[in-house]
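Peer 1: This is the structure I want to talk about, given as structure tokens.
2 protein chains.
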Amino acid sequence: MAEASPQPSPTLDVPRLDTGSTFAKEAYAALKRAICAMDIYDHPDEIRLDERRLSEGLGVSRTPIREAMTLLEQEGFVRTRPRRGIFVVRKSKREIVEMITVMAALESMAARLAAERASGADIAGLRRLMDDFPSGNEGARLDDYSDANIAFHQAILKMSGCALLAGMSENLFIHMRAIRKITIHQDNRAARSIVDHFRIIEALERRDAALAERLAREHTLGLARHVERHGDFLDAAAPLADVVPAEAGTHR
Amino acid sequence: MAEASPQPSPTLDVPRLDTGSTFAKEAYAALKRAICAMDIYDHPDEIRLDERRLSEGLGVSRTPIREAMTLLEQEGFVRTRPRRGIFVVRKSKREIVEMITVMAALESMAARLAAERASGADIAGLRRLMDDFPSGNEGARLDDYSDANIAFHQAILKMSGCALLAGMSENLFIHMRAIRKITIHQDNRAARSIVDHFRIIEALERRDAALAERLAREHTLGLARHVERHGDFLDAAAPLADVVPAEAGTHR
DNA sequence: CCGGATTTTCTGGTATACCATATATCTCCG
DNA sequence: CGGAGATATATGGTATACCAGAAAATCCGG
Numbered sequence: 060m061a062e063a064s065p066q067p068s069p070t071l072d073v074p075r076l077d078t079g080s081t082f083a084k085e086a087y088a089a090l091k092r093a094i095c096a097m098d099i100y101d102h103p104d105e106i107r108l109d110e111r112r113l114s115e116g117l118g119v120s121r122t123p124i125r126e127a128m129t130l131l132e133q134e135g136f137v138r139t140r141p142r143r144g145i146f147v148v149r150k151s152k153r154e155i156v157e158m159i160t161v162m163a164a165l166e167s168m169a170a171r172l173a174a175e176r177a178s179g180a181d182i183a184g185l186r187r188l189m190d191d192f193p194s195g196n197e198g199a200r201l202d203d204y205s206d207a208n209i210a211f212h213q214a215i216l217k218m219s220g221c222a223l224l225a226g227m228s229e230n231l232f233i234h235m236r237a238i239r240k241i242t243i244h245q246d247n248r249a250a251r252s253i254v255d256h257f258r259i260i261e262a263l264e265r266r267d268a269a270l271a272e273r274l275a276r277e278h279t280l281g282l283a284r285h286v287e288r289h290g291d292f293l294d295a296a297a298p299l300a301d302v303v304p305a306e307a308g309t310h311r
Numbered sequence: 060m061a062e063a064s065p066q067p068s069p070t071l072d073v074p075r076l077d078t079g080s081t082f083a084k085e086a087y088a089a090l091k092r093a094i095c096a097m098d099i100y101d102h103p104d105e106i107r108l109d110e111r112r113l114s115e116g117l118g119v120s121r122t123p124i125r126e127a128m129t130l131l132e133q134e135g136f137v138r139t140r141p142r143r144g145i146f147v148v149r150k151s152k153r154e155i156v157e158m159i160t161v162m163a164a165l166e167s168m169a170a171r172l173a174a175e176r177a178s179g180a181d182i183a184g185l186r187r188l189m190d191d192f193p194s195g196n197e198g199a200r201l202d203d204y205s206d207a208n209i210a211f212h213q214a215i216l217k218m219s220g221c222a223l224l225a226g227m228s229e230n231l232f233i234h235m236r237a238i239r240k241i242t243i244h245q246d247n248r249a250a251r252s253i254v255d256h257f258r259i260i261e262a263l264e265r266r267d268a269a270l271a272e273r274l275a276r277e278h279t280l281g282l283a284r285h286v287e288r289h290g291d292f293l294d295a296a297a298p299l300a301d302v303v304p305a306e307a308g309t310h311r
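In the order they appear, the protein sequences are chains A and B.
The first sequence lines up with residues 60 to 311 when you count with the working numbering.
The second sequence lines up with residues 60 to 311 when you count with the working numbering.
As structure tokens, this is what we get:
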């Protein structure tokens, strides 16, 4: 960079080496990915993150790490306790239920809007997404279905045409992914889920906004009830007996 | 602090001088308050925030300021463009409509839950809140009502018993406050709003969850439609012709 | 050998210096 | 006088040093 080589080459501007990428943002993305990757609810104890160790590992200073941490904390993925450490958050059962409740609110509105405004092509695509899982094929491929399940829900959010609706549910999905992978194996939830999904698709195809909304809401609230009843394992191994008994999550 | 005076006084621990307060958090609160105070949509041009000037003004270094900025940016109150500056965000009409749509989703779910679970006392309190504005008294005290209006909506969110529901709508309220102060004067919206509110209260009193939900949704979606039709002034004086035409807000 | 006081260490919070680049200003040639 | 290029300036991004306080380790008196 010392010699500002005055090449007369007219359109050789570097391909945006800098713009858009920032150590802080990359650290944020990396940490978020890492947190999502590990199934939080398997680990027996709280996972602690060390700023200095991370900065050393990623080869950057603490500053961008701290910035990333700030974001992650606000999103509810991490909780920093002064002079103690930064810990990956393990949501309580109650918090999970609340998140699912909010999801239900967002998804039911999305379903309503999708019924009114989504293109026929999009709805057809939604059906195609689910066609790989006919309503009697459960048992096998449950893990595959777990992903398809999330894809289905996200597709509806997106089809609402309301970017904010999809955006706000994004973080909720991340927290719920781990939960879904567990609950999907319980009861007969996979099969029920598939049935529900097809009903929702039919409502969308018939452009029945009210029905689509109701079905989406009941579908997700059903999951909330399920967790409410069978999700006690979430609160089980909570080694941190700090205060903060029922603080809400995902926001300041 | 040099002499660790071994006073035998048993319960004289300092009243939490440090814990809970942090320059970064205080700066965040101060900036957020400042941003909310100024009616963004009056100012003709984008408002720029200077890290160094702010740090000088608040008497702290840039570090906590930057942390606050990171939060504010994620919440959609501020947008930082590298080497350009940090600007207070002025939401586009479309973004406002999307926010109101999300509000409708959250509020309708909250109304449903409130009808099912809120205490009679809370519902009575809600009615009391609105009793100051009988359905024919509009005209005067519109500004007062603007606040009462917001209080009403927040009360329902709170009565849902779902802290996350209330929490996620918090930032949306801030963005919408300025809008409401304008729209309340248009049409006959104040009077209509009061009527709607009383209908919602009645539904809650009758514990009619489905009705409360529907009324809350239609009430807020009505505002969305109103802004959709009459909110073009929001996009009017947009001096920054940057890219980012319809980026969503309030999330990364 | 044990329990409480002391010291040590480790951690997040803050201040500060520096860097790279986008913009603004100025210079100089046409 | 005007515009392309050089220089100056300003601003956000990053690195680093230091601080205060809490937890852990250590020490010491019994």
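Just so it is clear, CB atoms sit at the ideal spot from N, CA and C, and this is done for glycine as well.
So, under 8 Å CB-CB, A/Arg171 and A/Glu272 are touching, yes? Tell me the CB distance rounded to an integer number of Å.
Peer 2: As a working note, residue 171 of chain A is residue 112 in the first sequence. As a working note, residue 272 of chain A is residue 213 in the first sequence. Indeed they touch by this definition, with Cβ atoms about 4 Å apart.
Peer 1: Which residues does DSSP pair with B/Thr279 in a beta bridge?
Peer 2: By 1-based counting over the second sequence, the position of residue 279 of chain B is 220. B/Thr279 is not bridged to any residue.
Peer 1: Taking the beta carbon of A/Glu126 as the centre, do at least 16 other beta carbons fall within 10 Å, making it buried, or is it exposed?
Peer 2: The count along the first sequence starts at 1 and reaches residue 126 of chain A at position 67. It counts as buried.
Peer 1: In chain order, what residues of the same chain lie with their CB nearer than 8 Å to the CB of A/Ile243, ignoring the 5 residues before and after it?
Peer 2: What you label residue 243 of chain A is simply residue 184 of the first sequence in a count that begins at 1. Excluding sequence neighbours, A/Ile243 sits near Leu201, Tyr204, Ser205, Asn208, Ala249, Ser252.
Peer 1: Per the DSSP calculation, B/Leu108 is bridged to which residue(s)?
Peer 2: Here residue 108 of chain B refers to the residue found at position 49 when the second sequence is read from its first residue. DSSP lists B/Ile145 as partners of B/Leu108.
Peer 1: As a quick exercise: from A/Ile99, A/Ile124, A/Glu105, pick the residue whose alpha carbon is nearest that of A/Arg111.
Peer 2: By 1-based counting over the first sequence, the position of residue 111 of chain A is 52. The option with the nearest alpha carbon to A/Arg111 is A/Ile124.
Peer 1: Is B/Ile99 near B/Arg149, with beta carbons less than 8 Å apart?
Peer 2: The count along the second sequence starts at 1 and reaches residue 99 of chain B at position 40. The count along the second sequence starts at 1 and reaches residue 149 of chain B at position 90. Closer than 8 Å, so yes.
Peer 1: Evaluate A/Glu115 with the Cβ neighbour count: other Cβ atoms within 10 Å of its Cβ, from every protein chain shown; 16 or more gives buried, anything less gives exposed.
Peer 2: As a first step, residue 115 of chain A must be located in the first sequence, where it is residue number 56. Exposed.
Peer 1: Quick one: what's got a C-beta closer than 7 Å to A/Phe82's C-beta in the same chain, skipping five residues either side?
Peer 2: Residue mapping note: residue 82 of chain A aligns to position 23 of the first sequence, counting from 1. Excluding residues within five positions, the ones whose Cβ falls inside 7 Å are Val119, Pro123.
Peer 1: Measuring straight from C-alpha to C-alpha, what distance separates B/Ala180 and B/Gln213?
Peer 2: Position 121 of the second sequence holds residue 180 of chain B. Position 154 of the second sequence holds residue 213 of chain B. Those two C-alpha atoms are separated by around 16 Å.
Peer 1: Tell me whether B/Met97 is buried or exposed, calling it buried when 16 or more other Cβ atoms sit within 10 Å of its Cβ.
Peer 2: Residue mapping note: residue 97 of chain B aligns to position 38 of the second sequence, counting from 1. Under this definition B/Met97 is an exposed residue.
Peer 1: Any idea which residues DSSP pairs B/Thr139 with across the strands?
Peer 2: As a working mapping, residue 139 of chain B is identified with position 80 in the second sequence. According to DSSP, which records beta bridges pairwise, B/Thr139 is partnered with B/Ile145.
Peer 1: List, in order along the chain, the chain A residues whose C-beta lies closer than 9 Å to that of B/Val119?
Peer 2: Locating residue 119 of chain B in the second sequence gives position 60, where the first residue counts as 1. Residues of chain A passing the Cβ test: none, with the nearest at roughly 15 Å.
Peer 1: Would the beta-carbon of B/Leu216 fall within 8 Å of that of B/Leu185?
Peer 2: Position 157 of the second sequence, counted from the first residue, corresponds to residue 216 of chain B. Position 126 of the second sequence, counted from the first residue, corresponds to residue 185 of chain B. No, they are not a contact pair.
Peer 1: Does any C-beta atom of chain A lie closer than 8 Å to the C-beta of B/Leu293?
Peer 2: Taking the first residue of the second sequence as 1, we reach residue 293 of chain B at position 234. Judged by the 8 Å Cβ criterion, B/Leu293 is not in contact with chain A.
Peer 1: Compare the beta carbon distance of A/Ile94 and A/Val147 with 8 Å and say whether it is the shorter of the two.
Peer 2: Position 35 of the first sequence, counted from the start, is the residue given in the question as residue 94 of chain A. Position 88 of the first sequence, counted from the start, is the residue given in the question as residue 147 of chain A. Closer than 8 Å, so yes.
Peer 1: Distance check for B/Arg288 and B/Met189, CA to CA, integer angstroms please.
Peer 2: Residue 189 of chain B sits at position 130 when you count from the first residue of the second sequence. Residue 288 of chain B sits at position 229 when you count from the first residue of the second sequence. The straight-line gap from Cα to Cα measures roughly 28 Å.
Peer 1: Of all the CB atoms in chain B, is at least one closer than 8 Å to the CB of A/Cys221?
Peer 2: In the first sequence, the residue the question calls residue 221 of chain A occupies position 162. Chain B contact via Cβ: present.
Peer 1: In three-state terms, what does DSSP make of A/Thr242?
Peer 2: Residue mapping note: residue 242 of chain A aligns to position 183 of the first sequence, counting from 1. Residue state, collapsed to three classes: helix.
Peer 1: Within 10 angstroms of its Cβ, does A/Val156 collect 16 or more other Cβ (buried), or is it exposed?
Peer 2: Position 97 of the first sequence, counted from the first residue, corresponds to residue 156 of chain A. A/Val156 is buried by the Cβ-count criterion.
Peer 1: What is the DSSP secondary structure of B/Lys150, reduced to helix, strand or coil?
Peer 2: Position 91 of the second sequence, counted from the first residue, corresponds to residue 150 of chain B. Coil at B/Lys150, not helix or strand.
Peer 1: The alpha helix (DSSP H) that contains A/Ala88, what's its start and end?
Peer 2: Looking up residue 88 of chain A in the first sequence gives position 29. It spans 82-96 - the alpha helix (DSSP H) in which A/Ala88 sits, taken as one unbroken run.
Peer 1: In chain A, which residues lie less than 7 Å from B/Val286 when you measure between Cβ atoms?
Peer 2: Your numbering for residue 286 of chain B matches position 227 in the second sequence. Within 7 Å Cβ-Cβ: nothing; B/Val286 doesn't reach chain A, min ~14 Å.
Peer 1: Is A/Gln133 close to chain B, meaning its C-beta is less than 8 Å from at least one C-beta of that chain?
Peer 2: Position 74 of the first sequence, counted from the start, is the residue given in the question as residue 133 of chain A. By this cut-off, A/Gln133 is an interface position.
Peer 1: What are the residues of the stretch 160-174 of chain B that lie near chain A, defined by any Cβ-Cβ distance shorter than 9 Å?
Peer 2: Answer in chain order: Thr160, Val161, Ala163, Ala164, Leu165, Glu166, Ser167, Met168, Ala169, Arg171, Leu172.
Peer 1: B/Leu130 touches chain A at which residues, Cβ-Cβ below 7 Å?
Peer 2: Counting from one through the second sequence, the residue named residue 130 of chain B turns up at place 71. Simply Thr129, Gln133.
Peer 1: With DSSP as the reference, label B/Leu165 as helix, strand or coil.
Peer 2: By 1-based counting over the second sequence, the position of residue 165 of chain B is 106. Note: B/Leu165 maps to helix in three-state DSSP.
Peer 1: Mind pulling the chain B residues with CB within less than 7 Å of A/Met158?
Peer 2: Within the first sequence, the letter at position 99 stands for residue 158 of chain A. In chain order: Leu223.
Peer 1: Determine the DSSP secondary structure at A/Glu134, reduced to helix, strand or coil.
Peer 2: Along the first sequence, read from residue 1 onward, the residue named residue 134 of chain A stands at position 75. Reduced to three states, the DSSP call for A/Glu134 is coil.
Peer 1: Check whether chain B comes within 8 Å of A/Met227, counting only Cβ atoms and requiring the distance to be less than that.
Peer 2: To locate residue 227 of chain A, count along the first sequence from 1; it is residue 168. At least one chain B Cβ lies under 8 Å of A/Met227.
Peer 1: Using the C-alpha atoms, what's the distance from B/Ala174 back to A/Asp109?
Peer 2: Position 50 of the first sequence holds residue 109 of chain A. Position 115 of the second sequence holds residue 174 of chain B. Rounded to whole angstroms, A/Asp109 to B/Ala174 spans 45 Å at the Cα level.
Peer 1: If A/Lys152 and A/Val286 are in contact, beta carbons under 8 Å, what's the gap, nearest whole angstrom?
Peer 2: Counting from one through the first sequence, the residue named residue 152 of chain A turns up at place 93. Counting from one through the first sequence, the residue named residue 286 of chain A turns up at place 227. A/Lys152 to A/Val286, Cβ: 7 Å. Contact.
Peer 1: Count the other CB atoms within 10 Å of the CB of B/Ser167; is the residue buried (16 or more) or exposed (fewer)?
Peer 2: Residue 167 of chain B sits at position 108 when you count from the first residue of the second sequence. Label assigned to B/Ser167: buried.
Peer 1: Shortest alpha-carbon distance to B/Arg176 belongs to which of B/Cys221, B/Arg143, B/Ile238?
Peer 2: Start at 1 with the first residue of the second sequence, and residue 176 of chain B comes out as number 117. It is B/Cys221.
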